[in-house]
Amino acid sequence: MASMLKGIAASNGIAIAKAYRLIEPDLTVSKQTITAPSEETARFQEAVNISKSELQAIRDNAEKQLGSDKAAIFDAHLLVLSDPELIAPIEDKIQNEQVNAEFALKETADMFVMMFEQMDNEYMKERAADIRDVTKRVLSHLLGVQIPNPSMISEEVIIIAEDLTPSDTAQLNRTYVKGFTTNIGGRTSHSAIMARSMEIPAVVGTKEATESIQNGDLVIVDGINGEVHINPTPELVQKYEQEHAAYGEQKAEWAKLVNEKTVSADGRHVELAANIGTPKDLEGVKSNGGEAVGLYRTEFLYMGRDQLPTEDEQFDAYKAVLEGMEGKPVVVRTLDIGGDKELPYLDLPKEMNPFLGFRAIRLCLEEQDIFRTQLRALLRASKYGNLKIMFPMIATLDEFRQAKAILEEEKQTLLTQGVEVADRIETGIMVEIPSTAVMADTFAKEVDFFSIGTNDLIQYTMAADRMNERVSYLYQPYNPAILRLVKMVIDAAHKEGKWAGMCGEMAGDETAIPLLLGLGLDEFSMSATSILRARSIIKRLSQPEMEQLANEVLGLRTAEEVVNAVQAAISK
Ligand code: PEP
Ligand code: MG
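Residue numbers (the UniProt record's numbering): 1 to 572.
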């Protein structure tokens, strides 16, 4: 039966395909006494054999698609499954204690996992993770439930999930994954941000996608209106196919602006930059006419792996981006881990409020080895292009001063070692904490630039978790409170002759762009796929008119009043 779910439009576009549920199955095990241990052992061995052939196929596929270092993870899993030290005790337990295979497997594996995790040895800790993974796979076969293998998807699908972590999202194969929908999340959760840069239509925060959608159901993800249609009528499919085609035509129109500068109708130039997560994203920056990289979220270099990236690995990535941009500005943000971006291998204690916790610059100033390694890699790469360094989550002037002093120290050390470093590297901060926005006039005397991170600035100003769909109505970029803070930051920068950019999602927002132009923003950094539309909007606007509009809306009372005023002004 046809039905529809409402959610949050997280990534523009329309996708129509069969559902693929990316959901962890229930693997709860209970202890049972059995009467035929030999048959039970045979059942266990069969589950092991099926798991091995499945892993072999996943391994071969990973090697083809992602290279041999990613495939090595599955080699390790295959080794675990062939290890008599793990397998023999399970079979003994079935035979001697006459218990079911599921229970024998779980008990034995848990014992090894606990033992390895307690060792103060990285290698053994990784083995514990391997055993945990492999156990899940064998258990799923014993219990007759399916665990999803997203890397094996070989037809067009829409992913259905409770939530997707940023590293889940990064691993989605764009050839086959046409769209996704999740139960939780908001417009500025990182999976949504990545979906936009990968141009995968997405609707998040539907609350019940996993309950309502079964594998194989036909699904339409309408990432424009935030709707998910399940088993739609042929008429509705046809309507959406037409909309999809119209959206394609609109994009072809915008594409004509790819080599143009971004200039308002009266001739004011602003810079349209791109937010990237990996050097691979440069392709999209170029094909969408990005004039700079306004935010390189380096944390993705640290994710989807088992240990910290080395200085040389980082150097290679930063150099590739700087060279790829051929002298255009590249703003690299130092590690911003925490919130919805986790690094399991750092073994940080779980926190009650991770978005308010030990994250980003707070972690870097404490764990200085991690920070200094990144800064050295950046300094060494600086001579390959136009590097600017930006510190995230700065709440106090003291944090900025400390971070800058560490950067200076590393620079001096490299210079005394004879390593070449660019003469001048602009150093700026993200303004994403209200205290910093309020104190922008003070900061402006010491930083080279500001980049306003509205995803967090709105979250902290409105006290509304950006991951929580129940409070997503408080994500209000047009609320006069936010606009006044943005104005304070831009004015403070200009007063000291510095520039102000914005790299939160608000910078690419159709309704916000006229106001930001009016407030004097110098640089707009957004998902590469939003750049051409933004350029077409700015081309039609007059800066003095938008300045007047911005001044008017700062005196309005609600976000709704602001939206109405903007719409009335630009439709004139
Ligand atoms: C922001 O907070 O606006 C920002 C750009 O950083 P992130 O989305 O990575 O937190
Ligand atoms: Mg942020």
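Ideal Cβ placement from N, Cα and C applies to all residues, glycine included.
- Per DSSP, S197 lies in no beta strand (DSSP E); the unbroken alpha helix (DSSP H) holding it starts and ends at H190 to M198.
- If you keep only unbroken alpha helix (DSSP H) runs of at least 4 residues inside the region 80 to 127, you get 84 to 97 and 101 to 118.
- In the DSSP assignment, Y296 forms a beta bridge with I276 and V332.
- Here E208 is exposed. Its C-beta has fewer than 16 other C-beta atoms within 10 Å.
- Here N96 is exposed: its Cβ has fewer than 16 other Cβ atoms, across all protein chains shown, within 10 Å.
- The nearest non-hydrogen atom of the ligand PEP is less than 6 Å from the C-beta of N455.
- Restricted to the region 468 to 522, the alpha helix (DSSP H) segments that are unbroken, complete and at least 4 residues in length are 480 to 495 and 512 to 519, listed in chain order.
- At a cut-off of 6 Å, the beta-carbon of G67 does not count as near the ligand PEP: no heavy atom of the ligand is closer than that.
- Distances from the CA of F315 to each of E155, T278, S451 and A292 were compared; the closest alpha carbon is that of T278.
- In this structure, the C-beta of E432 approaches the ligand MG to less than 6 Å from one of its heavy atoms.
- Its Cα nearest to that of E311, the residue D369 stands out among L27, D369 and N479.
- L308 carries a coil assignment under DSSP once its states are collapsed to helix, strand and coil.
- If you draw a straight line from the Cα of K239 to the Cα of K178, it comes to about 18 Å.
- Following the DSSP letters along the chain, one finds L387 inside the beta strand (DSSP E) bounded by residues N386 to F391.
- Looking only at H269, V219, F443 and I94, the smallest Cα-Cα distance to K31 is reached by I94.
- The continuous stretches of beta strand (DSSP E) do not include V237, which lies in the alpha helix (DSSP H) extending over residues P234 to A255.
- The beta-carbon distance between K487 and A444, rounded to whole angstroms, is 14 Å. This is too long to meet the 8 Å contact definition.
- In the three-state scheme derived from DSSP, where H, G and I count as helix and E and B as strand, V321 is classed as helix.
- Set against 6 Å, the gap from the CB of G294 to the closest heavy atom of the ligand PEP is not smaller.
- Ranked by Cα distance from L218, the options H229, T210 and I224 are led by H229.
- The criterion of a C-beta distance shorter than 7 Å is not satisfied by Y384 and K328.
- Annotation for S536: no beta strand (DSSP E) segment contains it, though the alpha helix (DSSP H) segment containing it runs I531 to K539.
- Within the model, the alpha-carbon separation for I429 versus G248 is close to 37 Å.
- From the listed residues L236, V263 and A15, the smallest Cα separation to I158 is found for A15.
- Note on geometry: alpha-carbon atoms of M303 and Q171 lie some 11 Å from one another.
- Under DSSP, K18 forms a beta bridge with V157 and L218.
- Here the alpha carbons of A72 and R305 stand approximately 12 Å from one another.
- Your pair L485 and T461 checks out as a contact, with CB atoms roughly 7 Å apart and the cut at 8 Å.
- When C-alpha distances from I160 are compared across E211, K6 and T442, the shortest belongs to E211.
- Just so you know, the alpha carbons of E323 and D281 end up roughly 14 Å apart.
- Assigned with DSSP and collapsed to three states, E367 falls in coil, not helix or strand.
- Between E199 and T558, the CB-CB gap reaches or exceeds 7 Å.
- Annotated as proximal: D130 and A76, with beta-carbon spacing under 7 Å.
- Not one heavy atom of the ligand PEP is found less than 6 Å from the C-beta of G186.
- One alpha carbon belongs to T454, the other to L397, and they sit about 19 Å apart.
- Apart from the 5 residues on each side of it in sequence, K106 sits with its Cβ closer than 6 Å to the Cβ of V29 in its chain, given in chain order.
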